[in-house]
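Trainee: Each number in our numbering corresponds to the 1-based position in the sequence shown with 194 added.
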Amino acid sequence: MITSASAAALTAPAVWAEEEEVERIEVTGSRIKRADIEGASPVSVITAEQLQATGIVKVSDALQQLSAAQGGITTAVNNGGDGKLSVDLRGLGAKRTLILVNGRRFVNSGTGADNSVDLNNIPVSMVKRIEVLKDGASAVYGSDAIAGVINVITKNDFEGFEFSAQYGETTEGDGDEYELSATFGSNFDKGNVVVNVGYYNRGEVRQGDRSFSQCPLAENADGTYCAGSANSIGMGAFVNGSEGLAIGSDGNFFGYIGDTKVTDPNSEDPDATTYEIFDQAGTAIGFLSDDGVSAYEPWLQFEPGGDGSSSDKGYHPFTSADRYNYAAVSYLSTPAERANFSVNGTYEFNDDLRFISENSFVWRHSNQQMAPQPINYTLNNWTLPADYPYAQNYTFLPDGITAGTINPVTGEAVTGQDLLWPLRRMTEVGPRIFEQTVYTWRTVVGFEGTLADEWMWGVSYMAGRNDAKDVSHNYINMDRVVKSVTDNCEGVSPDGTGNSPDAPCINYFGEGSLTPDDVKYIAYTDQGTGFNQQEIIEAHIAGDAFELPAGAVGIAAGIEHRRESAGFQPDALTVAGLGSGNAQDPTSGRYDVSEAFVEFAIPVVADAGFIENFDVEAAVRYSDYSTFGNDTNYKIGATLRTAGGLMLRSVASTAFRAPTVSELFGGQSDSYENYADPCSNADANATVKANCIADGVTPGTPQQNQQTRAKVGGNPDLQAETADTFTVGLVYEPTFIENLSMTIDYYDIEIEDAISNVDVNTKVNVCYNDANGGVDGTGTFCSDIGRDAVGQIDGVIATLENVANIQTSGLDFNVAYNFDAAGLEWRVDYESTYLLEYDFTPYAGADPFDYVGQVFSSGGSYVEWKHSFNAAVRGDSWSFNYQMRYLEGLDRFEADPGNPKLGDSTDAVMYHDISGSYFINDYVTVTAGIDNLFDEEPPYVTNGIDGNTDTYTYDVLGSRWYVQTIVKF
């Protein structure tokens, strides 16, 4: 576990390093080099020594443990994951955190047309330090720097050879993880070169391997129990045909249903009607609304055999024991492997000119695994026709009723053959396996130098590209599934006679009924390909412009041109809409941006008694995009230093995020979504009724379909998200306690025109409750809705839009203290973030959602209080580290106060990690450690879709150990 130190803590020499001559350096958040690295914006630093001492082998692990981070994609994200790793500062999403490497952008990466950087592409063994700017910085860096900036500084002056090997696994004996790396560096008369190679491998852990995740949990009066999916092995189904029968709550025949409706005596609504029930003699004996009595639509589970011969009927009433445990084969921690190679170098032509080059290549292969695909009448609109031959082997009637029995009221014969609404888990096909192979390369070439010994300049070209193959195994071709119960079944008898192995009529009744030829016919491997590409050319200059009484005015200016290209090509079956889900069009597009910036550092007061320094910072950046147009962002900041070690700092700035290629040009497709037509409600309010009438629809007109077509996907008309950010803080470094630093910073971020989408049902209801609503009205969302000639809603545009607003604020605390005691060297760090506010407003006029202290069943949370503490001690030949991370308890966002659940709130969680190193000699260091020392399990979250918890927030692996050896010479 990592705690970061504020930049203030690094202004004093570290107790484990020799003092160095102070030099002017560039710190993240400014292009101007200065001697004092603590500026107006709060910056935290993670060093390579911290990463090594705590066994961190993934940059994402270090960043996700920062108190300012609210989740991010982890190795435990299986459902919806693609092997990518990210960090989410302030809970604003990874796409609103800018990732830099050595002060330059890194290409977005993943499986294609991605919105953020994959942190797999930055190997820990190449990291010198990581600087985390917790402030908006678009005036300095441009788009995406809303929540903050993460700048990874790589080794550029390394000399010698370093080999590192680390292996670890959980105390359950699984989840093995190992890394090998080698770094070589050499300084020569004219420059330096650093070469790094590495290999990383991580093993799987399945949800079935842990007690808290071994099955999907549901709740009853006695607590939680193992539940599962109604899409069962061998198929479950509702009988749909024998509508003339009524059945009691005991599952037995109750009576015959009449053919006309009567007033319902059991309803409080005087207008409610129902059907009357009769006995064999035609005497009325009750109503369908009577407790426990309903039309005969039993839920059946089919038994192995496929022909009704396995028992008296070949099926039995569906029970909870028949539900399918989809968790057992799903991954709790996903496997991956990675290989990386990088070369960085410099060559000095003379004292005023040098050549720079950065080159990296990363190969990644990752997997996720989920239960076999379900097919059913709701997800895939899959039904079995009445003449399906294999259904003739069954009679779907309750005990005591035989085919041909006459309903004495209607005079119609009960056949029991008008069939099924099926729900089936395709276990014969096997689990769904998702596989990504990703290649990412990046190269930077440029020149840097000085002019007149004062001005530092640079010009560089950067190119990066990410190519990926995204493969999904054991998908189901739904077009062939439909044919396998319709066209292919012509001339096929109930015993399978007449069937063809090339175009089979497939028997779906019972476990194991599908043959290898059947599986071959309906299963397919889905393969998509994607890419991201980035090219940047930039030039900059910085130096001291002129002198003021308080010191020199620093200035930095530059220009930049950037091109972003991306695309994703889905599988042909997916494009055609014949695969496992809705049709999806390809994504392809690019945009260009030209930018110019200028930045100032102005000393106003120096050495004026109690005030040691008062400095002002200012920056402005102009951006011209080929897509949405131009944008200008500014920054104004100030620092006031006083005698006694106190500093007050503050920054006000604007920031923005340009829409990405996938948001602009993402393939559009039709999705069919549930909704309720306001015009179908005869008792709607006056505004709704008036809008319906204006549309030519009579209020109370029945809604013919519960779903409507929604157009989803990218939107080329998107504009940039804009933000206002503000920070103010105190830094205290008391002169009477050496190497002690304390900081407190307040932040406030408001994002307008955030890119999001609004669901169909919300759009329809908002429109018709607007005084200017209706399909021809000017009310909110009304232009996105259409009706057909008979007044039914016929399509809603639900693509991405600039509709949302996000407001968040909080406090950051940091204490760092280095000291000597008892002949030993000590370091203590404490870091905390308190989330004061996080309001998400989905569209203008909507009530905001308060996310503070909330956890979502679908994953992700907004922890109100996060604390981390680190204590380290070092002797002559050894060191020891203790780390603690505390997450305050959460409340489930979806909780219903009228229907409380056990997992509606979680207790606070505290993780403890320990590690120790032994320095065998000057060349060899051995480190061992245990993370999650007390094997803390993640808390239960009701309806948590992955492992019954939140895999974005909590440690799911439990206690794990590691051993590391580093050899240097």
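Note that the Cβ used here is the ideal one computed from N, Cα and C, for glycine as well.
Just to confirm my understanding: we take LEU1018, look at its own chain, exclude 5 residues before and 5 after, and list those with CB closer than 8 Å. What are they?
Mentor: Cβ neighbours of LEU1018 beyond the five flanking positions: VAL1067, ARG1068 and GLY1069.
Trainee: Any contact of the region 1115-1126 with the region 1138-1146, i.e. 3+ C-beta pairs under 8 Å?
Mentor: No: the two stretches stay apart, fewer than three of their Cβ pairs being nearer than 8 Å.
Trainee: Apply the 10 Å Cβ neighbour rule to PRO511 and answer buried if 16 or more other Cβ atoms are within range, or exposed otherwise.
Mentor: Exposed is the call here.
Trainee: If you draw a straight line from the alpha carbon of ILE165 to that of TYR941, how long is it in whole angstroms?
Mentor: With the chain running from 195 to 1163 in the structure shown, residue 165 is simply not present.
Trainee: Could you tell me if GLY369 is buried or exposed, where buried requires 16 or more neighbouring beta carbons within 10 angstroms of its beta carbon?
Mentor: Its Cβ being crowded by 16 or more others within 10 Å, GLY369 is buried.
Trainee: Out of MET320, GLY724, THR723 and SER694, which has the shortest C-alpha to C-alpha gap to PRO710?
Mentor: The shortest Cα separation from PRO710 among MET320, GLY724, THR723 and SER694 belongs to SER694.
Trainee: Taking the C-alpha atoms as reference points, what is the distance between ASP681 and ARG674?
Mentor: About 10 Å.
Trainee: Taking DSSP's pairing of strands, which residues face TRP1072 in a bridge?
Mentor: For TRP1072, which the question treats as bridged, DSSP gives the partners TYR1112.
Trainee: Taking CB distances under 9 Å as the criterion, tell me whether ASP516 reaches chain B.
Mentor: In the structure shown, chain B does not exist; there is a single protein chain.
Trainee: Tell me, to the nearest whole angstrom, how far the beta carbon of LYS1060 is from that of TYR1080; I am working on the premise that it is less than 8 Å.
Mentor: Contact holds; Cβ gap of about 7 Å.
Trainee: Assuming the contact rule is C-beta atoms closer than 8 Å, ALA247 and ASN1075 should be a hit. Round their C-beta distance to whole Å, please.
Mentor: At roughly 5 Å, the Cβ-Cβ gap stays under 8 Å, so ALA247 and ASN1075 are in contact.
Trainee: Answer yes or no: do ILE441 and PHE472 have a C-beta to C-beta separation smaller than 9 Å?
Mentor: Not in contact: ILE441 and PHE472 (Cβ atoms no closer than 9 Å).
Trainee: Could you tell me the alpha carbon to alpha carbon distance between TYR509 and PHE590, rounded to whole angstroms?
Mentor: About 9 Å.
Trainee: How close, in whole Å, do the beta carbons of ALA607 and GLY598 come, if the pair is a contact with beta carbons under 8 Å?
Mentor: The pair is a contact, with the Cβ atoms about 5 Å apart (cut-off 8 Å).
Trainee: For CYS699, which of helix, strand or coil comes out of DSSP?
Mentor: In this structure, CYS699 counts as coil in the three-state DSSP scheme.
Trainee: Please say whether GLU363 and TRP1155 have beta carbons closer to each other than 9 Å?
Mentor: Yes; because the gap between Cβ atoms is below 9 Å, this pair is in contact.
Trainee: Starting from the N-terminal side, write out each stretch of the alpha helix (DSSP H) that is 4 residues or longer and does not extend beyond the region 655-713.
Mentor: Fully enclosed alpha helix (DSSP H) runs of 4 or longer: 672-677.
Trainee: Determine the burial state of PRO579: buried for a count of at least 16 other Cβ atoms within 10 Å of its Cβ, exposed for fewer.
Mentor: Flag for PRO579 reads exposed.
Trainee: Residues in its own chain within less than 8 Å of GLN901 by CB, not counting five upstream and five downstream?
Mentor: Cβ neighbours of GLN901 beyond the five flanking positions: TYR866, GLU867, ASN868 and TYR869.
Trainee: Following the continuous beta strand (DSSP E) through PHE1166, name the residue where it begins and the one where it ends.
Mentor: Because the chain here runs from 195 to 1163, residue 1166 falls outside it and cannot be looked at.
Trainee: Along the beta strand (DSSP E) that carries SER560, what are the first and last residues, could you check?
Mentor: It spans 547-564 - the beta strand (DSSP E) in which SER560 sits, taken as one unbroken run.
Trainee: How many whole angstroms separate the CB atoms of PHE555 and TRP635, which I take to be in contact at a CB cut-off of 8 Å?
Mentor: Between TRP635 and PHE555 the Cβ distance is about 5 Å, and since that is below 8 Å, they are a contact.
Trainee: Of the choices ALA802, THR241, THR291 and SER977, whose alpha-carbon is the least far from that of ALA262?
Mentor: The option with the nearest alpha carbon to ALA262 is THR291.
Trainee: Should ILE887 be labelled buried (16 or more other beta-carbon atoms within 10 Å of its own) or exposed?
Mentor: ILE887 comes out exposed.
Trainee: I need the straight-line Cα distance from GLN728 to GLU754, nearest angstrom please.
Mentor: Those two C-alpha atoms are separated by around 13 Å.
Trainee: Count the other CB atoms, across all protein chains shown, that sit within 10 Å of the CB of VAL456; report buried if there are 16 or more and exposed otherwise.
Mentor: Classification of VAL456: exposed, given that the 10 Å Cβ count is below 16.
Trainee: Could you tell me whether the region 965-972 touches the region 896-910, using the rule of 3 or more Cβ pairs below 8 Å?
Mentor: No, because fewer than three Cβ pairs between the region 965-972 and the region 896-910 fall closer than 8 Å, the two stretches do not touch.
Trainee: I'd like the span of the beta strand (DSSP E) that includes SER536, first residue to last.
Mentor: Element bounds for SER536: 530-544.
Trainee: What number of angstroms, rounded off, separates the C-alpha of THR691 from the C-alpha of GLY989?
Mentor: If you take the alpha carbons of THR691 and GLY989, they lie about 45 Å apart.
Trainee: Need the endpoints of the beta strand (DSSP E) that ILE735 sits in, please.
Mentor: Unbroken beta strand (DSSP E) run through ILE735: 717-742.
Trainee: Look at the Cβ atom of THR916, then the Cβ atom of ASP1033, and state whether they are nearer than 9 Å.
Mentor: No.
Trainee: Based on the DSSP secondary-structure assignment, which residues constitute the bridge partners of PHE1034?
Mentor: Partner(s): ILE1000 and PHE1043.
Trainee: So does the region 926-940 actually touch the region 985-999, counting three or more Cβ pairs closer than 8 Å?
Mentor: With a cut-off of 8 Å, the region 985-999 and the region 926-940 do not count as touching, because too few Cβ pairs lie within range.
Trainee: Report yes or no: do the region 319-326 and the region 346-355 share at least 3 C-beta pairs separated by less than 8 Å?
Mentor: These segments touch.
Trainee: Span of the alpha helix (DSSP H) holding CYS976?
Mentor: Element bounds for CYS976: n/a, residue is neither H nor E.
Trainee: On the DSSP bridge assignment, give the partners of MET620 in chain order.
Mentor: MET620 pairs with nothing; no bridge assigned.
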